[in-house]
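There are 4 protein chains.
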Amino acid sequence: MGAERLAAFTDGVLAIAITIMVLELRVPEDGSFEALRASVPVLLAYVLSFVNVGLYWNNHHHMLHATERIDGRVLWANMFLLFWLSLVPFVIRWLNAGDFAAAPVAAYGVVLGMAAVGYELTERAIIACNGKDSAVARAVSADRNLKGKISLILYALAVPVAFVTRELALAFYVAVILLWLVPDRRIERVLRD
Amino acid sequence: MGAERLAAFTDGVLAIAITIMVLELRVPEDGSFEALRASVPVLLAYVLSFVNVGLYWNNHHHMLHATERIDGRVLWANMFLLFWLSLVPFVIRWLNAGDFAAAPVAAYGVVLGMAAVGYELTERAIIACNGKDSAVARAVSADRNLKGKISLILYALAVPVAFVTRELALAFYVAVILLWLVPDRRIERVLRD
Amino acid sequence: MGAERLAAFTDGVLAIAITIMVLELRVPEDGSFEALRASVPVLLAYVLSFVNVGLYWNNHHHMLHATERIDGRVLWANMFLLFWLSLVPFVIRWLNAGDFAAAPVAAYGVVLGMAAVGYELTERAIIACNGKDSAVARAVSADRNLKGKISLILYALAVPVAFVTRELALAFYVAVILLWLVPDRRIERVLRD
Amino acid sequence: MGAERLAAFTDGVLAIAITIMVLELRVPEDGSFEALRASVPVLLAYVLSFVNVGLYWNNHHHMLHATERIDGRVLWANMFLLFWLSLVPFVIRWLNAGDFAAAPVAAYGVVLGMAAVGYELTERAIIACNGKDSAVARAVSADRNLKGKISLILYALAVPVAFVTRELALAFYVAVILLWLVPDRRIERVLRD
Numbered sequence: 043m044g045a046e047r048l049a050a051f052t053d054g055v056l057a058i059a060i061t062i063m064v065l066e067l068r069v070p071e072d073g074s075f076e077a078l079r080a081s082v083p084v085l086l087a088y089v090l091s092f093v094n095v096g097l098y099w100n101n102h103h104h105m106l107h108a109t110e111r112i113d114g115r116v117l118w119a120n121m122f123l124l125f126w127l128s129l130v131p132f133v134i135r136w137l138n139a140g141d142f143a144a145a146p147v148a149a150y151g152v153v154l155g156m157a158a159v160g161y162e163l164t165e166r167a168i169i170a171c172n173g174k175d176s177a178v179a180r181a182v183s184a185d186r187n188l189k190g191k192i193s194l195i196l197y198a199l200a201v202p203v204a205f206v207t208r209e210l211a212l213a214f215y216v217a218v219i220l221l222w223l224v225p226d227r228r229i230e231r232v233l234r235d
Numbered sequence: 043m044g045a046e047r048l049a050a051f052t053d054g055v056l057a058i059a060i061t062i063m064v065l066e067l068r069v070p071e072d073g074s075f076e077a078l079r080a081s082v083p084v085l086l087a088y089v090l091s092f093v094n095v096g097l098y099w100n101n102h103h104h105m106l107h108a109t110e111r112i113d114g115r116v117l118w119a120n121m122f123l124l125f126w127l128s129l130v131p132f133v134i135r136w137l138n139a140g141d142f143a144a145a146p147v148a149a150y151g152v153v154l155g156m157a158a159v160g161y162e163l164t165e166r167a168i169i170a171c172n173g174k175d176s177a178v179a180r181a182v183s184a185d186r187n188l189k190g191k192i193s194l195i196l197y198a199l200a201v202p203v204a205f206v207t208r209e210l211a212l213a214f215y216v217a218v219i220l221l222w223l224v225p226d227r228r229i230e231r232v233l234r235d
Numbered sequence: 043m044g045a046e047r048l049a050a051f052t053d054g055v056l057a058i059a060i061t062i063m064v065l066e067l068r069v070p071e072d073g074s075f076e077a078l079r080a081s082v083p084v085l086l087a088y089v090l091s092f093v094n095v096g097l098y099w100n101n102h103h104h105m106l107h108a109t110e111r112i113d114g115r116v117l118w119a120n121m122f123l124l125f126w127l128s129l130v131p132f133v134i135r136w137l138n139a140g141d142f143a144a145a146p147v148a149a150y151g152v153v154l155g156m157a158a159v160g161y162e163l164t165e166r167a168i169i170a171c172n173g174k175d176s177a178v179a180r181a182v183s184a185d186r187n188l189k190g191k192i193s194l195i196l197y198a199l200a201v202p203v204a205f206v207t208r209e210l211a212l213a214f215y216v217a218v219i220l221l222w223l224v225p226d227r228r229i230e231r232v233l234r235d
Numbered sequence: 043m044g045a046e047r048l049a050a051f052t053d054g055v056l057a058i059a060i061t062i063m064v065l066e067l068r069v070p071e072d073g074s075f076e077a078l079r080a081s082v083p084v085l086l087a088y089v090l091s092f093v094n095v096g097l098y099w100n101n102h103h104h105m106l107h108a109t110e111r112i113d114g115r116v117l118w119a120n121m122f123l124l125f126w127l128s129l130v131p132f133v134i135r136w137l138n139a140g141d142f143a144a145a146p147v148a149a150y151g152v153v154l155g156m157a158a159v160g161y162e163l164t165e166r167a168i169i170a171c172n173g174k175d176s177a178v179a180r181a182v183s184a185d186r187n188l189k190g191k192i193s194l195i196l197y198a199l200a201v202p203v204a205f206v207t208r209e210l211a212l213a214f215y216v217a218v219i220l221l222w223l224v225p226d227r228r229i230e231r232v233l234r235d
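These protein sequence lines are chains A, B, C and D, in that order. Counting from 43, one number per residue, gives the positions in the first sequence under the working numbering. Counting from 43, one number per residue, gives the positions in the second sequence under the working numbering. Counting from 43, one number per residue, gives the positions in the third sequence under the working numbering. Counting from 43, one number per residue, gives the positions in the fourth sequence under the working numbering.
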């Protein structure tokens, strides 16, 4: 079974998740810039989430590009990943309604952390299906694994931290993004060789 | 006529249905965990529906993968299936507004039961179009048929049961999911041989 | 330039339009069947619109399947078609808010009539681009043209009629659907020969 | 790495952005034509935005059609473009809520101007990746560059102008569209030779 249709379905869900988030943004109440100011925090949460979903799409793109076969386990691990990413718009709305209270800030970490677990599970399922010597297995380097582990630790820390200082939890979410924005050229390199 | 574009359109509708359901979730009124607690039932309904649509996508994926030709009858049977699946977000909103009253719980069974009928009709139309000796016809085993029949019976029972004990009706919906999560490796096996 | 990406984009817009319509449905106010009864007219409008968009997808599917080339004129005629189809959810919401008053019933005819014009323009642009002897040109039979003309006349009549008897206008909309549900096997036959 | 999946993802986001805009339109309060009249300005903003997104899709379609390779820089420049286009529905809602006040009219120029910058960045990243002698590089003529520069100047002017005369700012937005609707046949010609 090929990976094309899984890639297409994942693209569809990610494209929709990234686009309908905008429906959750509280629109300024009138046509003044003061009204817009009240929307700034949720607009920043939107930017953060847009980049996060973009990162997932980008990494997923590379991973499936190197994948030859998928099976039922890959499909369901991927569903698990998509489930948590589909909750991002819900958390944005809650952040909005709760004025960035501790609980929704922590919930953001839970949702993104579980998505990171889902990505990890999908990757492992793909390697189990394609073999340890497959192109995709070789492409997942020690560096990628390290990044994945650091991300999970940061998310796990951010959840309790949110109840102490919300700003620090938000800083953790930004840190994970910066960690990943450093481009991962490993898969490309392995495929090239 | 090939099955690719039908698969792409179906993927699109399923990806959208699975993603916009999140727009129907009642967001907690403030930033407290108590407020989140009130959203737990509808979040569980979301999980249930996400898995259901995921199962349809998964089964549909396998079925169309083995399909060589489609005709007008296949197109419209598939439209019938998509119509009922598109109503899932509507029922989730009604469950939400009606606090899981008997009527929306029963409606959930009607919608999923009709979707199951739609899947059955699509499968029959595909077999009629591809012939009884086609890969897709051989792939639909007695086991698949049995699962399909049990699902329909469970949905048909859940609708009246919802007016007596809503919990039992919900248990029926969970039972159908468990029935299908046992992976159906038959199509894969037939294709491999 | 090939027709695949135009088909994919059109599929995407149609899949979204057909699915987000459900977001416009007024949900029953509580969990009783009496509350559902108030939603019956708009549910019927939903069924009508679902079948209409399905018909457009089906016809579009056949037309682009037989198309070899597209140009800028085809792209913009197709955009015009998609624009009017994208307004269907808006009219459904207006029907809902205005309790099926004359104006939104007439607006439904305007929107579907303009979509029919858009389909006609797309078809002509495709024939102009592919030539009168192309597969797609031969596939558009006199019968298809007749159906197209009758549809346009019915929509044009329904708009003023809506201000006299809304029921008759709605009957016209159903009549157009019945006219098209008679399967158009002509394109398939021409392609087969 | 091929450009197909990037094209598919971009198509998805654009198809969704263009379709969910309709959810932001304020529906007439009752079933009268007077009620519809109040929706006319936002319907015109919808038409304007539909054509704008359509133009981006069209230009993007041509550009990626001539593209052989993409890299991480192309992916992220394209994400930047999609981010700004995804905000169009948000601005439409704000225009609606603020009755076309100066601030949302200016914001419309900011969002479309930044999208234009994103398109420019994507184009440059593609040329950097494919080389100055590639089909896509030759296809981007002096004329295309001129149009791009004029658009950016018009958007940059429209933002401050919106606070003096909103009508003039809106006229600038229409002018940009007219500038681009003149079909750009250059890419097609270069590919043909």
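We put the CB at the ideal spot given by N, CA and C, even for glycine.
Residue i at chain A interface by Cβ criterion, 8 Å
i	result
PHE51 (chain B)	no
SER128 (chain B)	no
THR164 (chain B)	no
ALA7 (chain D)	Because chain D in this structure spans residues 43 to 235, residue 7 (chain D) falls outside the shown range and cannot be described.
Neighbour flag for residue i against chain C, beta carbons, 8 Å
i	result
TRP99 (chain B)	no
ARG180 (chain B)	no
ILE58 (chain B)	yes
GLY173 (chain B)	no
GLY151 (chain B)	no
ALA167 (chain B)	no
TRP222 (chain B)	no
ARG186 (chain B)	no
8 Å contact criterion, which residue i and residue j should meet: CB distance rounded
i	j	result
ALA119 (chain A)	VAL95 (chain A)	In fact, because the Cβ distance is near 18 Å, the residues do not count as touching under 8 Å.
ASP53 (chain A)	ALA45 (chain D)	The pair is not a contact, with the Cβ atoms about 14 Å apart (cut-off 8 Å).
ALA158 (chain C)	LEU127 (chain C)	Incorrect: roughly 10 Å between the Cβ atoms, too far for contact.
ILE219 (chain D)	LEU90 (chain D)	7 Å
ASP205 (chain B)	ALA167 (chain B)	In the sequence as presented, Asp is not what sits at residue 205 (chain B); that position holds Phe. In fact, because the Cβ distance is near 34 Å, the residues do not count as touching under 8 Å.
CB contact below 8 Å: residue i versus chain B
i	result
PRO131 (chain C)	no
ARG79 (chain A)	no
GLY160 (chain A)	no
ALA157 (chain A)	no
GLY140 (chain C)	no
LEU154 (chain A)	no
Contact with chain D by residue i, beta-carbon distance below 8 Å
i	result
SER176 (chain A)	no
PHE125 (chain C)	yes
GLY247 (chain A)	Any answer about residue 247 (chain A) is impossible in this case: the structure gives chain A only from 43 up to 235.
LEU212 (chain C)	no
ILE229 (chain C)	For ILE229 (chain C), the pLDDT reaches just 49, beneath the cut-off of 50, and the residue's location in the model is therefore unreliable, although a value from the coordinates is still provided. Not closer than 8 Å to any Cβ of chain D, the Cβ of ILE229 (chain C) fails to qualify, so no.
Checklist line | In chain order, each beta strand (DSSP E) run of at least 3 residues that lies wholly inside the region 95-172 of chain B | finding: Secondary structure within the region 95-172 of chain B: not one fully enclosed beta strand (DSSP E) run of 3 or more consecutive residues is present.
Check: Which of the residues in the region 83-111 of chain A, read from start to end, lie with their CB under 9 Å from any CB of chain D?
Finding: Hits within the stretch, in order: LEU85, TYR88, VAL89, PHE92, VAL93, GLY96, TRP99, ASN100, HIS103, HIS104, LEU106 and HIS107.
Checklist line | Cβ pair count under 8 Å reaching 3, the region 74-84 of chain C against the region 69-87 of chain D | finding: No, they do not touch.
Check: Counting pairs of beta carbons, one from the region 51-69 of chain C and one from the region 95-106 of chain B, are three or more of them closer than 8 Å?
Finding: With a cut-off of 8 Å, the region 95-106 of chain B and the region 51-69 of chain C do not count as touching, because too few Cβ pairs lie within range.
Check: Any chance the region 182-197 of chain A sits against the region 118-136 of chain A, with 3 or more Cβ pairs inside 8 Å?
Finding: Not touching, per the Cβ criterion.
Next item on the list: Report yes or no: do three or more beta-carbon pairs, one from the region 105-117 of chain A and one from the region 151-158 of chain A, lie closer than 8 Å?
Entry: Not touching, per the Cβ criterion.
Check: What residues in the region 188-204 of chain D have a beta carbon less than 7 Å from any beta carbon of chain C?
Finding: With the criterion set as a beta carbon lying under 7 Å from some beta carbon of chain C, the region 188-204 of chain D has no members that meet it.
Notebook entry, point to check: What are the residues of the region 61-79 of chain D that lie near chain C, defined by any Cβ-Cβ distance shorter than 7 Å?
Noted result: Contact annotation: in the region 61-79 of chain D, residues whose CB is within less than 7 Å of a CB in chain C are THR61, ILE62, VAL64, LEU65, LEU67, VAL69, PRO70, GLU71, ASP72, GLY73, SER74, PHE75 and LEU78.
Next item on the list: Within the region 46-80 of chain C, note down every full alpha helix (DSSP H) run reaching 4 residues or more, in order along the chain.
Entry: Whole alpha helix (DSSP H) segments, 4+ residues: 46-62 and 75-79.
Notebook entry, point to check: If you pair each beta-carbon of the region 138-150 of chain A with each one of the region 159-168 of chain A, do three or more pairs fall below 8 Å?
Noted result: The answer is no - the region 159-168 of chain A does not touch the region 138-150 of chain A, with fewer than three Cβ pairs under 8 Å.
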